[in-house]
Amino acid sequence: MNLKEQMKRDVKAVFHNTDEFAEKTEIYYDGEYYTVPIILDYEGAQDRKKPSSDNAGGIFRVDVKLYVAFSDLNFIPRQGANIEVGDDIFSITKVGNEAGEIILDLERLDE
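Per the working numbering, residue 1280 is the first one in the sequence shown, and the count goes up by one each step.
Structure, rendered in structure tokens:
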């Protein structure tokens, strides 16, 4: 087994294992509901560079990274589309697919 195969196996067995890091969550995307193990990383999203904001007073932007195994969705969501995670609706600002793991940069406005 090479490194790439091992990483794909670990994505499911370790990182997206609900006994380890992931939490089974309902997401809604493109007219369909999916209940899949995901990881939400609010701190990782804070590390990316943010442009200055012109939001109205009392409105702030929430950034989060969502990690989900490709094998759980079997498709890659589109950049610019909306995705509902739990009770929150986010806009997908960036999409990545690395070693069988989909990485979505999400944002939404909140009060």
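Ideal Cβ placement from N, Cα and C applies to all residues, glycine included.
Since this is a predicted model, take the numbers as computed values, not measurements.
Start-to-end residues for the alpha helix (DSSP H) that takes in residue i
i	result
Asp-1342	No alpha helix (DSSP H) contains Asp-1342, which is instead part of the beta strand (DSSP E) from 1339-1348.
Backbone secondary structure at residue i - three-state DSSP
i	result
Asp-1320	strand
Arg-1357	coil
Assumed close pair residue i, residue j - CB separation to whole angstroms, cut-off 8 angstroms
i	j	result
Ile-1338	Leu-1282	No, Ile-1338 and Leu-1282 are not in contact; Cβ-Cβ is about 44 angstroms, not under 8 angstroms.
Glu-1380	Phe-1354	Not confirmed; about 14 angstroms, so no contact.
Glu-1386	Asp-1320	Their Cβ separation, rounded to whole angstroms, is 13 angstroms, which puts Glu-1386 and Asp-1320 out of contact at 8 angstroms.
Candidates the options, of which the one nearest residue i by Cα
i	options	result
Asp-1309	Val-1374, Ala-1360 and Ile-1368	Ala-1360
Lys-1344	Phe-1354, Val-1364 and Ser-1350	Val-1364
Ile-1362	Glu-1311, Tyr-1321, Asp-1351 and Ser-1350	Glu-1311
Ile-1306	Asp-1367, Val-1341 and Arg-1357	Asp-1367
Arg-1288	Glu-1377, Lys-1303 and Ile-1318	Glu-1377
Unbroken beta strand (DSSP E) run spanning residue i, endpoints
i	result
Thr-1297	Looking at the DSSP string, Thr-1297 is not in any beta strand (DSSP E), and its letter there is neither H nor E.
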